[in-house]
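In what follows, a single structure is set out as structure tokens and then discussed.
4 protein chains.
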Amino acid sequence: MKETRICIIGGGSRLWAIQFLKDLAYNRNTHGTVVLHDIDHNAAMNNVAVGKEIFHVNDSEGRFDIIAEDNLEKALEGVDLVIISIEPGNIECRKGDLLLPEEYGIKQSVGDTTGPGGIMRARRALPFFFGFAQAIKKVCPNAWVINYTNPMTLCTAALYKAFPEIKALGCCHEVFHTETFIAEKVSEWFNVSVPDRREIKVDITGVNHFTWVTGATWNGIDLMPRIRALAEDKDTYKDLTEVAKKRVEEKKWFDSDHIIALSLLRDFGALGAAGDRHLSEFVPFYLTSDEELWKYGVVRTPYWWRVEEDKRKKAKVFSEEELKATLSDEEGVDIMCSLMGERTLYTNINRPNEGQISYLPKGRIVESNGYISNNSIRPIVAKDPPLAVQNMVRRVSDIQEMTLEAIWNNDEKLLFAAFLSDPLMTLNRDKAKELFDKMLIASAYRV
Amino acid sequence: MKETRICIIGGGSRLWAIQFLKDLAYNRNTHGTVVLHDIDHNAAMNNVAVGKEIFHVNDSEGRFDIIAEDNLEKALEGVDLVIISIEPGNIECRKGDLLLPEEYGIKQSVGDTTGPGGIMRARRALPFFFGFAQAIKKVCPNAWVINYTNPMTLCTAALYKAFPEIKALGCCHEVFHTETFIAEKVSEWFNVSVPDRREIKVDITGVNHFTWVTGATWNGIDLMPRIRALAEDKDTYKDLTEVAKKRVEEKKWFDSDHIIALSLLRDFGALGAAGDRHLSEFVPFYLTSDEELWKYGVVRTPYWWRVEEDKRKKAKVFSEEELKATLSDEEGVDIMCSLMGERTLYTNINRPNEGQISYLPKGRIVESNGYISNNSIRPIVAKDPPLAVQNMVRRVSDIQEMTLEAIWNNDEKLLFAAFLSDPLMTLNRDKAKELFDKMLIASAYRV
Amino acid sequence: MKETRICIIGGGSRLWAIQFLKDLAYNRNTHGTVVLHDIDHNAAMNNVAVGKEIFHVNDSEGRFDIIAEDNLEKALEGVDLVIISIEPGNIECRKGDLLLPEEYGIKQSVGDTTGPGGIMRARRALPFFFGFAQAIKKVCPNAWVINYTNPMTLCTAALYKAFPEIKALGCCHEVFHTETFIAEKVSEWFNVSVPDRREIKVDITGVNHFTWVTGATWNGIDLMPRIRALAEDKDTYKDLTEVAKKRVEEKKWFDSDHIIALSLLRDFGALGAAGDRHLSEFVPFYLTSDEELWKYGVVRTPYWWRVEEDKRKKAKVFSEEELKATLSDEEGVDIMCSLMGERTLYTNINRPNEGQISYLPKGRIVESNGYISNNSIRPIVAKDPPLAVQNMVRRVSDIQEMTLEAIWNNDEKLLFAAFLSDPLMTLNRDKAKELFDKMLIASAYRV
Amino acid sequence: MKETRICIIGGGSRLWAIQFLKDLAYNRNTHGTVVLHDIDHNAAMNNVAVGKEIFHVNDSEGRFDIIAEDNLEKALEGVDLVIISIEPGNIECRKGDLLLPEEYGIKQSVGDTTGPGGIMRARRALPFFFGFAQAIKKVCPNAWVINYTNPMTLCTAALYKAFPEIKALGCCHEVFHTETFIAEKVSEWFNVSVPDRREIKVDITGVNHFTWVTGATWNGIDLMPRIRALAEDKDTYKDLTEVAKKRVEEKKWFDSDHIIALSLLRDFGALGAAGDRHLSEFVPFYLTSDEELWKYGVVRTPYWWRVEEDKRKKAKVFSEEELKATLSDEEGVDIMCSLMGERTLYTNINRPNEGQISYLPKGRIVESNGYISNNSIRPIVAKDPPLAVQNMVRRVSDIQEMTLEAIWNNDEKLLFAAFLSDPLMTLNRDKAKELFDKMLIASAYRV
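Chains as they are written, first to last, in the numbering used here: chain A, 2 to 448; chain B, 2 to 448; chain C, 2 to 448; chain D, 2 to 448.
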């Protein structure tokens, strides 16, 4: 493969950037330069050291130069690939996203994609993305751009809003988890060892974190009848409150049994293709109380833990073991290799709708399957889910469009219309306005 | 005008059918025959007597023959116009529509169009409408059909489902009330006496009872800036709890100050064009409690009053004064005269979408302006409301489509998906299922 | 009616402007000021004198002030209505439009709407319309604008291209002639005297001069079965060569027997709703030779006659008799009166597609029925014609779109693509390019 | 790979069926049974012998059983894959397709896809395809179906018309030839040996034989600037009359230099992606005369040669050499292997439009890229070509739709509307009708 120059915006991150560097190190035939850019330049500098160590530990020193660059435009010069994974605002901002709605009785399990928290997070994040897109347009208009930041759909949409010709896609591993879940079921159903999740072929449709499986095969075998039977089976829905409580105790906030995903299949006709903690935020009736949510085994990530985790990440020191590259579940490097022409990749992608989702307007950022090859990403036409699902997805996509327009035009009235339209909004209008006003203040951007 | 033969399905009604006969009597140059058909043949027979008296009292005896006919197909023979205004099931059925959801905390102000009550009412009503359409197809396929029954959209859709070439429209006076409201404001704003509501020209869009004004003029003057200013004015939203309480006391369930209509303009960008009691049912946050609703001066019609009213209507004896024909607010006779070529009429119509509402799929029953002339009804293209409004209307229209398909195919699973998707549904899924099952039983059709 | 200020762009015209002034004089309750603006200021000045005489002859002096104004922006100041009827370039330009294609074997009957001549005429005309729209935007953005200039669709489209919020419509009398033709048939069929063309209600669809009747009624009677029978009748198509020859002799270039219109109904399923000389230009097989065209009784207007007529018009002296106002077939004043709120009008309009024509993209200028009332013009949803007709209309509309974009962006390559796509283009590509290049030079704008 | 049962309808063909069997023999890890079904059972029986010999010659005897089956339903029993490649009617029918239009001055280079000949061929072929689909629905509804018969689009559409759930696709090698042409240019441009055509990645859009390249890469290098320069270069269009004459002499009817393909890029903005002999039939101006066509180096396949070739094929005796399997340019076996899960394939497919072509209605059979994997074929969203190209493709697709509906409903009037709408139709209407009537008789189905 040819020399590849990569810029990581958010390159100071102790989690995502490090994982990406490990994946690079795992991948034997890539080489080039990684430029770490971060609003916190020290963090980027620290990661340069860690990065070098990764290539050393994995016996791959020299294949990638790791440098840090404070100036965004300089960081983007000559790059083939831009990776964006940032945290918009410090951990204090998340407090407003999460605790204020809770004070008003609105519970969010994640609060970074949708709901009051997702909208406010978008309001902080999007101006950065407008800026990134403008810098890319100026410095490296032909570079490929992969965004990992949430709210994924809106951040990716912001890139296209500011630079419509940008070659960007949004990437997310939630669909992989659904594939893994199905792979485990395949193991049960066919009495085989658990196949790699890549062996499960799913037809997907929707918007990120509110994605849906309309078809699934393994070795050409249609799995939908079996998945449907599982969704119809009453035993699937036994009370998981005790499981949930244990998860709270053990701080396993991210675990998912895909029970909400299955209940959506039972009630609306397509399988949810994201973790239950994400799916529950797009529908009004799962998050009515923790008790209700716990029945599905789902627990909400508490703000206090996020604060602790934030501290932990920043103070993180990596053992040699932790720097050892292994096959990870992220596809960033796979995508890069495919775009560089080394292979082809059939996966899920977040891209402007050109027709792949026929029930959503053109131009909206949608999640569907896609085919990635040498310098090319093409969406695959998704199968239409039942109208009940289209209806829910369209609602969410419309609210995202309103949010994007509101932030782009600095239109607070329209932002409030989006806020009020959110599926999680059950407050009366005046209370909603009160909360909105408080959140506007609380979530103002701060480093 | 030529001799016109009219069949009134639901011709035993003491309210609607009598009003229509009075309108006929008021209109000097119509003549022909009215055939009253009712599932309760005695009621129809009684109305024959009242009808004759109406033409007598108004010095117009002889212009219309009034007869009753028990057999539907015979009743339809040779008719030019079919009017449908029925009550699907007896007053007991309404109990299930209204009180069961209330037990579960779901409040409905009307419960005949949308919400759990509207869906169950549709389930009782639509099989009748499939039957009416089939009879019309067989006996009088070229007759014009006016439907007044709620749920208006779904009943009209049912006619088209069973006989796609039917020449039907749904009629509703809610938009007229909005026009009257605006006319009163015109009087204030321009210091003139209140103009006739027909002088207020509104551009409308949406689905029945969730209709929206996107433009309004009087004498060519654009009224929208004034209406918008009113919607933005904080004084518009003073607490009307006391007004509401008085309304409860005085049983004035139908009064509306259009405050919710205005708040929708403020928050979403278009003026609601139906009474507040209707509008509030399509949005999750007005009906959270009676107290919340009262703030807008809106009161919910209680079930016990409906029972009393039902009795009252059935026992109704008309004084001579009450039979005197005056200019009414219903347009049935105007439409008839226009279809017969005597005049033309620009009004609001509920018809299959041929393109008049660009944000809804073709074929859905939608409300827009229309132009009625000799043997012709043509929709007028509606202006697009803001995306926030499109989003809400599309959601409702999708749920209506799901409901129609579910009832047509007798698909309880799909009906539950519609039920679960309703904006008023805030129960958790299992509670919703419990309520759904109870309502299915309670609202089974009974005479 | 209130004082109305009207600006006529092309106010020096001896034909159209004079007719409009006569119509104004005929209409008793209009009054105000007419500003005549013309690139040939002398012509406008001469028309001031004629205009004054018109109001004098018709005993209506004083109701309208007639003035001429050389400066466009001044001419537009304070106007309620702008009328545009110009000749883009002098009569010499028409030579290129008409004679050059003829040299290459391409015959055009009119050559001002479509075909090579129409495209070149558009190229001369559109820059003016971009300018008019910009001036209107600056000086009188709320004025209503009526365009009569050909190519009608493209000139009207140019107004919207340069000022998307303009309140413009294109007006054309061709549909009226079709109504008159049907009225004459009604007289035969029902043995009545010929009804006024306004009594014939037609459902129309298409683009100007390639408009189609999909429904026609008289007194509510569906006339389509009779019209269809006429179209199927072999006797309808008897050879009219002798009639055509006589027309040539008598210089009756504009006569139409609507035989091509009927043949389109027979072969494609909808009745052409423009004179045959227009319809024949949109389809490849009528204009293959004069002999072929003559069979339908259609003759082509020769260039030499246009030159003579041009001279005649410029030298025209009006007798008192000729200045007498009578009921004309033009609707400009009717539209004005409707927009001023004096009446309402149901007619055919050329406006941007908002959904009235479901088989064409939004935004294209299309011809459909419309409803004109106080300060409002709203399109009526057209019925879909058969696919064969949609196909032909869409082709034409696409070519118009390409022409508009080409002229707007000064893109000669795209203009040639439009030229090559035209239904009348049967030359091989290199000959077509040769003709195109010659026409570009010949039809450059000249006064 | 699992045992695969294949039915070849048209299995008596000496050309196509034999090639498929050779491809099967070349492909080492396929095995199973091939059922040859043909209306000429003897031909099928003869091919059984040849087929066995193929497996013998290639040392692969036994891997595929070859049998012949006269009864269609029996032939389809238990099959995984159906291949359809038939000749609708005997060679006499082609005489009407080709010579009758020629008598009227309409020249066709191929006459099997579009034009008068294509339409008449469709009329003969489609009833067979309705029948095939019904048999497949009854006997093997889950089998995959590959159609090779022309008119490809319409034959494939006929399958879906009669059995909407059929799992069918149409396959064509024309795009491969365009890839090969580009591969040869790549060799020139980059001074490398000619790459395999599979290395050229093209984005395609359109309908079969009127397909277009909107993007092309090799090793991730965008080739479009170079291809565009070639299309703009005057030298590209030097007169090829002498080449053409030599081709006529040497009977090289199928050779193409892709000059018409390039001229379409120059004039309309996208590269034609089929041989010039196909492309020229969809546009009015290439086939005006043989002399005109020859300039592009294109020659028309004469009817007399087709008769000779038909005889030759039927009498064909295969040498051992000719039965040797080599890598062929057909993808039938590749597709089969991909559907069986052995690999994945990115190629061009003809399938119902689900959104892959945004400028054509849903449901139309269109050609786009597609991704074939285990038991799955999914279309890839095509990039929109310029409006000039969309316009031409839409016109053709509409005519195909009209033809399909006409044949399905046995509607001769509609078939004539399609006939009259064809780009090659330049006759006047009465001559067109005369030709149509003669062709109807001449092309009646005969064995």
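Glycine residues also receive a C-beta, built at the ideal position from the N, C-alpha and C atoms.
- The beta-carbon of LEU425/D is placed no less than 8 angstroms from the nearest beta-carbon of chain C.
- Taking the Cα positions, LYS434/B is about 16 angstroms away from ALA232/A.
- Taken in chain order, the unbroken stretches of alpha helix (DSSP H) that lie wholly in the region 145-173 of chain A and span 4 residues or more are 153-163.
- Residues of the region 274-293 of chain A with a C-beta less than 8 angstroms from any C-beta of chain B: PRO285, PHE286, TYR287, THR289, GLU293, listed in chain order.
- With contacts defined as CB atoms closer than 8 angstroms, ASN370/D and LYS202/A fail to qualify as a contacting pair.
- Look at HIS32/C here: in three-state DSSP terms it is coil, with no helix or strand label.
- One thing to note: ALA217/A has its Cβ within 8 angstroms of the Cβ of ILE183/A.
- With its beta carbon at least 8 angstroms from every one in chain D, ASN411/C lies outside the interface.
- A buried status is given to ASP39/B, since no fewer than 16 other beta-carbon atoms sit within 10 Å of its beta-carbon.
- In the three-state DSSP reduction, GLU368/B falls in the strand class (E or B).
- Close to chain C, meaning a Cβ-Cβ distance shorter than 9 angstroms, are the following residues of the region 375-392 of chain B: ASN375, ASN376, SER377, ARG379, PRO380, ILE381, VAL382, ALA383, LYS384, ASP385.
- Secondary structure of ASN392/D (DSSP, three-state): helix.
- Straight across, the Cα-Cα distance linking ASN354/C with GLU368/C is about 9 angstroms.
- Against chain A, the CB of SER422/B has a partner CB under 8 angstroms away; the residue lies at that interface.
- A direct Cα-to-Cα measurement between ALA275/A and SER339/A gives close to 24 angstroms.
- The three-state reading of DSSP puts VAL284/A in coil, since its state is none of H, G, I, E or B.
- Listed along the chain, the chain A residues whose CB falls inside 9 angstroms of the CB of MET403/B are PRO387, LEU388, ALA389, ASN392.
- In this structure, DSSP gives GLY13/A a state outside helix and strand, which the three-state scheme calls coil.
- Membership of THR237/D in any beta strand (DSSP E) is not indicated, and neither H nor E is assigned to it by DSSP.
- Just measuring C-alpha positions, the residue of ARG6/D, PRO424/D, PRO117/D sitting nearest LYS75/D is ARG6/D.
- For ILE408/A, the CB contacts under 6 angstroms within the same chain, skipping 5 residues up- and downstream, are ARG124, LEU127 in chain order.
- By the neighbour-count criterion, in which a residue is buried when 16 or more other Cβ atoms sit within 10 angstroms of its Cβ, LEU388/B is buried.
- If you ignore the 5 residues before and after SER61/A, its C-beta comes within less than 6 angstroms of the C-beta of ALA26, all in its own chain and listed in chain order.
- The three-state reading of DSSP puts CYS94/C in helix, counting H, G and I together.
- Contact between LEU37/C and ALA69/C holds: CB atoms are separated by about 5 angstroms, below the 8 angstroms threshold.
- Annotation: GLY13/A has no Cβ neighbours in chain D at a cutoff of 7 angstroms; minimum Cβ distance is about 31 angstroms.
- Look at the region 212-230 of chain D: the residues with a C-beta under 9 angstroms from a C-beta of chain A are GLY216, THR218, TRP219, ASN220, GLY221, ILE222, ASP223.
- In the displayed model, THR5/C falls within a strand according to three-state DSSP.
- Under the three-state reduction of DSSP output, ASN47/A falls in the helix class.
- Within the region 154-178 of chain C, no residue places its CB atom closer than 9 angstroms to a CB of chain B.
- The residue from LEU436/D, ARG365/D, ASN429/D, HIS279/D with its alpha-carbon nearest to that of VAL176/D is HIS279/D.
- Taking 8 angstroms as the cut-off, the Cβ atoms of ALA419/B and ILE120/B count as close.
- Put simply, of HIS42/B, ASN429/B, ARG29/B, ALA144/B the residue whose alpha carbon is nearest the alpha carbon of SER290/A is ASN429/B.
- For ILE167/B, the closest of PRO152/B, ASN72/B, ALA158/B by C-alpha to C-alpha distance is ALA158/B.
- Listed in chain order, the positions of the region 347-364 of chain B with a beta carbon within less than 8 angstroms of a beta carbon of chain C are TYR347, GLU355, GLY356, GLN357, ILE358, SER359, LYS363.
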